[in-house]
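*Asks:*
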Amino acid sequence: DTEVTQTPKHLVMGMTNKKSLKCEQHMGHRAMYWYKQKAKKPPELMFVYSYEKLSINESVPSRFSPECPNSSLLNLHLHALQPEDSALYLCASSQPPSGSLAGELFFGEGSRLTVL
Amino acid sequence: AQSVTQLGSHVSVSEGALVLLRCNYSSSVPPYLFWYVQYPNQGLQLLLKYTTGATLVKGINGFEAEFKKSETSFHLTKPSAHMSDAAEYFCAVSPPFSGSARQLTFGSGTQLTVLP
Chain A
16 DTEVTQTPKH
26 LVMGMTNKKS
36 LKCEQHMGHR
46 AMYWYKQKAK
56 KPPELMFVYS
66 YEKLSINESV
76 PSRFSPECPN
86 SSLLNLHLHA
96 LQPEDSALYL
106 CASSQPPSGS
116 LAGELFFGEG
126 SRLTVL
Chain B
963 AQSVTQLGSH
973 VSVSEGALVL
983 LRCNYSSSVP
993 PYLFWYVQYP
1003 NQGLQLLLKY
1013 TTGATLVKGI
1023 NGFEAEFKKS
1033 ETSFHLTKPS
1043 AHMSDAAEYF
1053 CAVSPPFSGS
1063 ARQLTFGSGT
1073 QLTVLP
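Just so you know, the protein sequences line up as chains A and B, in that order.
Letter by letter, the first sequence follows residues 16 to 131 of my numbering.
Letter by letter, the second sequence follows residues 963 to 1078 of my numbering.
#1: Straight-line CA distance for A:R78 to A:E99?
#2: Give the interface partners of A:L91 over in chain B, defined as CB-CB distance under 7 Å, in chain order.
#3: Got a sec: is the Cβ-Cβ distance from A:Y66 to anything in chain B below 8 Å?
#4: Taking 8 Å as the CB-CB limit, is A:P58 close to chain B?
#5: Mapping DSSP to helix, strand and coil, what is A:P111?
#6: Got a sec, what are the start and stop residues for the beta strand (DSSP E) A:R127 sits in?
#7: Can you give me the start and stop residues for the beta strand (DSSP E) that B:C1053 sits inside?
#8: According to DSSP, is A:P58 part of a helix, a strand, or is it coil?
#9: Within its chain, find whatever has a CB closer than 7 Å to the CB of A:L105; leave out the 5 residues flanking it on each side and keep chain order.
#10: What residues from the region 1001–1012 of chain B come within 8 Å of chain A, judged by C-beta to C-beta, listed N to C?
#11: Going by DSSP in three states, B:S974 sits in which element: helix, strand or coil?
#12: At a CB-CB cut-off below 7 Å, which residues of chain A make contact with B:L1066?
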């Protein structure tokens, strides 16, 4: 199993709603990532979890709240978002780099978020 | 600090022609290098990677890339383009030693169009 599964694939929400994006992997990877991607742009790193602990927060606004309940799951809780937060949100996972292992990232297909 | 420059935001080739997508990097140490492909409304898929050793690396779908330290380049090539190669391609760089998670710096991307 070499998949990273993201749900939902599409989400439309109002600025006062609370919603969550979910990500799951069963590859035994111990690092998980959230990226935001606007149209025609490269992915921008938001958060990194390493061994279920938040290791990197790229100065993301607090209306985005990540959670890593266990080594296979990663959530992104959304609250009071703005229209400019509309984007493709990508989850990724990787093994810890070690020896010949590059620790490359495996990406999910993303959750397309529209904020009205 | 590391950076990646992808020359040409749009590249068009005829079906059956050579594909050449350019990537130059800046890094204080020999980095790990990656090429990812993104089809419309999908996540990123790893095409190939360079870590150490052989400088010519082969990836999926007939793509290959050559690491040239003297030119700080990692250009992606495919001898004969197929219509299904039309997609966005991202070059990414990472320091070889990055702890338990791999932090990627992405280039701005190159949109490949394949003409019939």
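For each residue, glycine too, the CB sits at the ideal point set by N, CA and C.
In this text the structure is predicted, and so the values were computed from the model without any measurement.
*Replies:* Here's the rundown:
#1: In the first sequence, residue 78 of chain A corresponds to position 63, counting from 1. In the first sequence, residue 99 of chain A corresponds to position 84, counting from 1. Each residue's Cα considered, the two are about 13 Å apart.
#2: Here the question's residue 91 of chain A lines up with position 76 in the first sequence. Those do not exist, as A:L91 stays about 15 Å from chain B at its closest Cβ, beyond 7 Å.
#3: Sequence index remark: in the first sequence, residue 66 of chain A carries index 51 (1-based). Judged by the 8 Å Cβ criterion, A:Y66 is in contact with chain B.
#4: For this step, residue 58 of chain A is matched to residue 43 along the first sequence. Yes, A:P58 lies at the interface with chain B (some Cβ there is under 8 Å from its Cβ).
#5: What you label residue 111 of chain A is simply residue 96 of the first sequence in a count that begins at 1. A:P111 falls in the coil class under three-state DSSP.
#6: For the purposes of this step, residue 127 of chain A is taken as the residue at position 112 of the first sequence. Segment S126 to V130, the beta strand (DSSP E) holding A:R127.
#7: Residue mapping note: residue 1053 of chain B aligns to position 91 of the second sequence, counting from 1. Here the beta strand (DSSP E) through B:C1053 covers A1049 to S1056.
#8: By one-based count along the first sequence, residue 58 of chain A stands at place 43. In the structure shown, A:P58 sits in coil (DSSP, three-state: anything other than H, G, I, E or B).
#9: On the first sequence, residue 105 of chain A is found 90 positions in, with the first residue counted as 1. These residues qualify, in order along the chain: Y50, Q52, P58, F122, G123 and G125.
#10: N1003, Q1004, G1005, L1006, Q1007, L1008 and K1011
#11: As a working mapping, residue 974 of chain B is identified with position 12 in the second sequence. B:S974 falls in the strand class under three-state DSSP.
#12: Position 104 of the second sequence holds residue 1066 of chain B. Ordered by position in chain A, the residues that pass the 7 Å Cβ test against B:L1066 are L120.
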